[in-house]
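**Student:** The structure that follows is given in the form of structure tokens.
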Amino acid sequence: MEVATKWDRRCLNTSRDADCDSFDRYPVSADAEISALRAELMQAHNRIHELEAESRSAKKKLDHMLRSLSEEKASWKSREHDKVRDIFDGVKESLNRERKNRQRAEIMNSKLATEVSELKLVAKRYLQDYEKERKARELMEEVCDELAKEIA
3 MEVATKWDRR
13 CLNTSRDADC
23 DSFDRYPVSA
33 DAEISALRAE
43 LMQAHNRIHE
53 LEAESRSAKK
63 KLDHMLRSLS
73 EEKASWKSRE
83 HDKVRDIFDG
93 VKESLNRERK
103 NRQRAEIMNS
113 KLATEVSELK
123 LVAKRYLQDY
133 EKERKARELM
143 EEVCDELAKE
153 IA
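Each residue of the sequence shown is one higher than the last, beginning at 3 in the numbering used here.
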């Protein structure tokens, strides 16, 4: 007697194969019904495959959309970063210009302060010279008046 192997349809343990074995037990009059059930089963398998393919396609589309969204987000962040950097550079440039202008103004202020100080000294000397000349003139006038009194 020959031992049954795993390839023998009657010895398979899977539920699908068990169902197929049960089909073989029905009389020939049920063949049409069995054929219809098998056709329906094949349609169900085909529909499952279609749905799985649609699911894979939808997943690919979703992955593509997420990747595109991620790239767009990275691009947007990069543009915003560039805008902020440009604004920062503009403020930095403006600050440097203002610093240079302030330094120039301080230099001019220092020069003007020196000139004012020198002008004050010159004015003081002129005032002192004027006072000396006035006193000398007054003294001369007194001497001239006394000489005129003595002569007269």
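The C-beta atom is built at its ideal place from N, Cα and C for all residues, glycine as well. Quick caveat, the model's predicted, so the values are computed rather than measured.
Quick one: grab the DSSP three-state call for Ala154.
**Tutor:** coil
**Student:** Could you tell me the alpha carbon to alpha carbon distance between Gln130 and Glu117, rounded to whole angstroms?
**Tutor:** For Gln130 and Glu117, the distance between alpha carbons rounds to 20 angstroms.
**Student:** If you draw a straight line from the C-alpha of His83 to the C-alpha of Leu53, how long is it?
**Tutor:** 44 angstroms
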